[in-house]
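K.L.:
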Amino acid sequence: MSQENAIDNLSGPTLLNNSLSLEKELRNVVRKKGVLEKESHQLRRSLRICYTSLIINHYELSVQHDVEQSLWKTSFYKVIEALRARLRRLKSMRVSSPSESLELELHKTSSTFSAFLTSAAKFYIGLVAKLEVAFGLVSGGGTPDYILPEDDGTVRKDKEWELRQRGYMSCYRCYIFLGDLTRYSRDNGGNSSEWMNAAKYYQRALRLFPTNGNPHNQLAVLATYVNDDFNAMYHYFRSIAAAKPFPTSKENLMVLFEKNRGQAENLQEALAPLLNGRRRTTENRVLRDSFLVFFIRIHGIIFNKVNVEK
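Dropping the structure here:
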């Protein structure tokens, strides 16, 4: 019998106690040896198996103890933080004192990071598939599109309906994590198409939970990566206006507006001859880009409620 099958036969309370014991053991190992050591990896794997069984077989208990968030933070995000910190340190050292051994270490760490992100994404795609089976959700080859039904009073809200909605919510969180993992992969030097793939995951999450501002915030972040400030502004506004706004969207939008303010001032000076009629342009791209900069600037002024009359 495999470890997964053996754990699936355990009761919910036993699984929870095992998970708490593994978490404590992992914290001790990380404190003494580090998050990237082999023993830490083995403990995280055991934790993932316990967490997954809790989510699939003892869902109510997993919700009570926020198992999904513990799964993400303990098994994945802390490793991601450690690898990103190591990459930043190595890149900084390369600038000050480059060497062949340092380049090899940088390449090795980057490859390890890429492999970890790929493995993490595979795990969450698999978790979505398991959630589909467990809750009888619409199947779509592991990456389905869901739409939460509107509360128009026609839906019979029995216990089964509520459980299915929670299943959809779990899929929603998986898609947010998948979007983040794919975005990290692009940041680590992956193909530029990774940003498009990340956007697809965030859009799936948005279809599942359209009243949550998190997917819009993440889509805005992606837009800033390709200097698409217009789409970034749009998604930040949608995130702020959502029934459940994302906490940092307003701050992120204000940073965008401050950046745009400088762009608008520089552009106004550069376009002065054109605006005064001393020079003409027929380049549609120049006109379009200039319009978008000033369009965003107007929204920034209104949003900040300053300089409106000016």
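Just so we're aligned, residue 126 is where the sequence shown starts under my numbering, counting upward by one.
Every residue gets a Cβ at the ideal spot worked out from N, C-alpha and C, and that includes glycine.
I think Arg-291 touches Tyr-184, with their Cβ atoms under 8 Å apart; what is that distance to the nearest whole Å?
P.N.:
Start at 1 with the first residue of the sequence shown, and residue 291 comes out as number 166. Start at 1 with the first residue of the sequence shown, and residue 184 comes out as number 59. That belief holds up - the Cβ atoms of Arg-291 and Tyr-184 are roughly 7 Å apart, short of 8 Å.
K.L.:
May I ask which residues mark the beginning and end of the alpha helix (DSSP H) holding Phe-260?
P.N.:
Locating residue 260 in the sequence shown gives position 135, where the first residue counts as 1. Start and end: 225 to 260.
K.L.:
What is the DSSP secondary structure of Lys-430, reduced to helix, strand or coil?
P.N.:
What you label residue 430 is simply residue 305 of the sequence shown in a count that begins at 1. Reduced to three states, the DSSP call for Lys-430 is coil.
K.L.:
Any idea if Ile-301 is buried or exposed, counting beta-carbon neighbours within 10 angstroms, 16 or more meaning buried?
P.N.:
Taking the first residue of the sequence shown as position 1, residue 301 is located at position 176. Its Cβ being crowded by 16 or more others within 10 Å, Ile-301 is buried.
K.L.:
What residue does the alpha helix (DSSP H) around Glu-193 start on, and which one ends it?
P.N.:
One-based indexing of the sequence shown puts residue 193 at position 68. Looking at the DSSP string, the run of the alpha helix (DSSP H) that includes Glu-193 is 192 to 197.
K.L.:
Using C-beta distances below 7 Å, list every residue in its chain close to Leu-141, excluding the 5 sequence neighbours before and after it, in chain order.
P.N.:
The residue given as residue 141 occupies position 16 in the sequence shown. Once the five neighbours on either side are set aside, the close Cβ partners of Leu-141 are Leu-179, Leu-186, His-190.
K.L.:
Taking only the alpha-carbon atoms, compute the straight-line gap between Pro-98 and Val-155 and give it to the nearest angstrom.
P.N.:
Shown here, the chain extends from 126 to 435; a query on residue 98 therefore has no answer.
K.L.:
Would you call the segment 364 to 375 and the segment 383 to 399 in contact, with 3 or more CB pairs under 8 Å?
P.N.:
Taking 8 Å as the limit for Cβ pairs, the verdict is that the segment 383 to 399 does not touch the segment 364 to 375.
K.L.:
Relative to the alpha-carbon of Arg-386, which residue among Lys-375, Leu-412, Asp-354 has its alpha-carbon at the smallest distance?
P.N.:
Looking up residue 386 in the sequence shown gives position 261. Here the closest residue by C-alpha is Asp-354.
K.L.:
Going by beta-carbon coordinates alone, are Arg-169 and Leu-145 separated by less than 8 Å?
P.N.:
Along the sequence shown, read from residue 1 onward, the residue named residue 169 stands at position 44. Along the sequence shown, read from residue 1 onward, the residue named residue 145 stands at position 20. No, they are not a contact pair.
K.L.:
Is Asn-313 helix, strand or coil when you go by DSSP?
P.N.:
On the sequence shown, residue 313 is found 188 positions in, with the first residue counted as 1. Correct three-state label for Asn-313: coil.
K.L.:
Could you compute how far the alpha carbon of Val-188 sits from the alpha carbon of Ala-254?
P.N.:
Numbered from 1 along the sequence shown, position 63 holds the residue referred to as residue 188. Numbered from 1 along the sequence shown, position 129 holds the residue referred to as residue 254. Near 19 Å, if we compare the C-alpha coordinates of Ala-254 and Val-188.
K.L.:
Assuming Phe-382 is part of the alpha helix (DSSP H), what are its boundary residues?
P.N.:
Mapped onto the sequence shown, residue 382 falls at position 257. Start and end: 374 to 395.
K.L.:
Mapping DSSP to helix, strand and coil, what is Asn-134?
P.N.:
Residue numbering aside, residue 134 sits at position 9 when the sequence shown is read from its first letter. In this structure, Asn-134 counts as coil in the three-state DSSP scheme.
K.L.:
Restricting to Cα atoms, I'd like to know which of His-360, Thr-307, Ile-426 is closest to Asn-337.
P.N.:
Looking up residue 337 in the sequence shown gives position 212. The shortest C-alpha separation from Asn-337 is found at His-360.
K.L.:
With a CB to CB cut of under 7 Å and the five nearest residues on each side skipped, what residues in its chain are close to Asn-339?
P.N.:
Counting from 1 along the sequence shown, the entry for residue 339 is found at position 214. Counting only Cβ-Cβ distances below 7 Å, and skipping sequence neighbours, we find Ile-301, Phe-371.
K.L.:
Starting from Tyr-359 and walking both ways along the alpha helix (DSSP H), at which residues does that stretch end?
P.N.:
The residue given as residue 359 occupies position 234 in the sequence shown. Segment 354 to 366, the alpha helix (DSSP H) holding Tyr-359.
K.L.:
Could you work out which residue in Thr-177, Arg-289, Ser-222, Asn-352 is closest to Trp-197 when comparing CA atoms only?
P.N.:
Residue mapping note: residue 197 aligns to position 72 of the sequence shown, counting from 1. Measuring from the Cα of Trp-197, the nearest candidate turns out to be Thr-177.
K.L.:
Taking Ser-200 and Arg-173 to be in contact with their CB atoms under 8 Å, please state how far apart those CB atoms are, rounded to whole angstroms.
P.N.:
As a working mapping, residue 200 is identified with position 75 in the sequence shown. As a working mapping, residue 173 is identified with position 48 in the sequence shown. Indeed, because the Cβ distance is near 5 Å, the residues count as touching under 8 Å.
K.L.:
To the nearest angstrom, report how far apart Ile-132 and Gln-167 are at their CA atoms.
P.N.:
On the sequence shown, position 7 is the one that residue 132 refers to. On the sequence shown, position 42 is the one that residue 167 refers to. Roughly 16 Å between the two C-alpha positions.
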